[in-house]
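A.B. asks:
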Amino acid sequence: MKNEKVTPIALSTQALERMPYYLHYIKQLQKKGITQIASPAIAADLGLNEVQVRKDLAAVSSSKGKPKAGFYIQDLIYNMEELLGYHNVKDAVLVGAGSLGKALLSYKGFEISGMHIVAAFDNQDGLIDTEINGKKVLPVSKLSSVCRRLNIHIGIITVPANQAQTVCDQMVAGGILAIWNFSPIRLTTPEGIMVRNENMAASLAILSQHLKDKLKEHML
Ligand SMILES: NC(=O)c1ccc[n+]([C@@H]2O[C@H](COP(=O)([O-])OP(=O)(O)OC[C@H]3O[C@@H](n4cnc5c(N)ncnc54)[C@H](O)[C@@H]3O)[C@@H](O)[C@H]2O)c1
């Protein structure tokens with residue numbers, strides 16, 4: 001297997017977002033004993049454009065795919081995992097150990113994807129010093145100092161909307177560089193801090209709109 005590093009090519013956000021889908025798909029093929037795969041087959045199975053798939057795989061793969069036979073699945077998995085950062089486990093903190101926070105803290109998939117939630121923070125006395133899935137809940141007053149001391153750069157926000165900016169500011173003060181924001185507000189951050197918003201209401205609105213359009217089509 002060629003466990004070579006991929007030359008870092010600037011992938012678009014859309015291409016990066018497609019990678020976990022490719023990865024999941026080719027891992028399923030590997031489980032079935034398949035060793036090679038070509039772009040047209042991936043495109044057909046995932047319902048994607050063939051040219052786009054070819055470009056995505058060329059950008060991520062350390063070796064050129066062979067005509068027809070395509071890429072070695074084992075190499076492709078390694079290259080994709082490398083690109084997605086699965087081989088460097090990244091420490092993260094989560095603030096807001098409520099319903100959503102508890103669910104995220106209990107989710108085992110993050111470890112597989114290379115993210116390790118080191119600790120949770122909250123401001124509710126009843127939650128402080130409890131453990132969720134082996135992760136200690138600490139007082140939010142310690143957030144900045146813990147992040148600095150442990151050199152943690154990823155922060156997950158699962159507090160109510162009206163608290164999210166305060167928590168974001170505390171994270172930035174602690175040296176957090178990447179924020180995964182589950183609250184439904186837009187955060188203001190200094191330059192150089194990346195915020196990724198996860199807004200379920202927005203996704204639901206898109207699904208509802210699609211449903212409305214489809215139902216209208218059927219009534220015509
Ligand atoms: N529950 C969901 O399914 C869901 C889904 C999508 C988005 N969200 C969003 O995620 C956020 C959390 O939702 P939830 O349902 O888990 O709420 P929740 O009320 O169950 O939990 C929020 C937690 O944040 C803590 N908290 C509040 N202010 C804080 C502060 N300043 N510092 C530290 N901790 C603080 C609370 O004590 C509580 O434990 C909200 O912004 C919500 O809109 C929730």
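As numbered in UniProt numbering, residues 1 to 220 make up the sequence shown, in order. Where is the CB? At the ideal position from N, CA and C, for every residue including glycine.
(1) Nearest-angstrom Cα distance between K27 and T35?
(2) Let me check understanding here. Comparing Cα to Cα, which of E191, N133, I73 and V167 lies closest to Y107?
(3) Do you know how far the Cα of I117 is from the Cα of G174?
(4) For a test of your reading of the model: does the CB of N123 fall under 8 angstroms from any non-hydrogen atom of ligand 1? Yes or no.
(5) Which two residues bound the contiguous beta strand (DSSP E) that contains K102?
(6) For the structure I just gave you, are there three or more beta carbon pairs, one from the stretch 74-86 and one from the stretch 99-106, closer than 8 angstroms?
(7) With hydrogens ignored, establish whether the beta-carbon of E198 is closer than 8 angstroms to any heavy atom of ligand 1.
(8) With distance defined between alpha-carbon atoms, name the residue in L48, L204 and E82 nearest to S62.
(9) Can we count A164 as close to ligand 1, meaning its CB is less than 8 angstroms from some heavy atom?
(10) Taking G47 as the reference, give the member of Y25, E198 and V140 with the closest Cα.
(11) Roughly how many angstroms lie between the CA atoms of N123 and P184, to the nearest whole one?
(12) With C-beta atoms as the reference, is V95 less than 9 angstroms away from I156?
(13) Which residue's Cα is closest to the Cα of G85: E111, K66, G70 and A103?
(14) Measure the beta-carbon distance from L150 to M80 and round it to whole angstroms, keeping in mind my assumption that it falls under 8 angstroms.
(15) Taking the C-alpha atoms as reference points, what is the distance between E217 and S39?
(16) Which value, in whole angstroms, describes the spacing of the CA atoms of T130 and A103?
(17) Suppose the cutoff is 6 angstroms on Cβ atoms and the five residues either side in sequence are ignored; what does the same chain contact list for A15 look like?
C.D. replies: On the basis of the supplied data:
(1) Between the alpha carbons of K27 and T35 lies a gap of roughly 10 angstroms.
(2) Cα-wise, what sits closest to Y107 is N133.
(3) Rounded to the nearest angstrom, the gap between the Cα atoms of G174 and I117 is 16 angstroms.
(4) The answer is yes for N123.
(5) Where K102 is concerned, there is no enclosing beta strand (DSSP E), although the alpha helix (DSSP H) it sits in stretches over S99 to S106.
(6) With fewer than three CB-CB distances shorter than 8 angstroms, the stretch 74-86 does not count as touching the stretch 99-106.
(7) Yes, the beta carbon of E198 sits closer than 8 angstroms to at least one heavy atom of ligand 1.
(8) S62 has its Cα closest to that of E82, out of L48, L204 and E82.
(9) Yes.
(10) Among Y25, E198 and V140, the Cα nearest to that of G47 is on Y25.
(11) Approximately 20 angstroms, taken between the alpha carbons.
(12) Closer than 9 angstroms, so yes.
(13) Nearest to G85 by C-alpha distance, out of E111, K66, G70 and A103, is E111.
(14) Between L150 and M80 a beta carbon distance of about 28 angstroms is seen, past the 8 angstroms cut, so the two are scored as non-contacting.
(15) About 34 angstroms.
(16) Computed Cα separation, rounded: 15 angstroms.
(17) So the list reads D56, once near-sequence residues are dropped.
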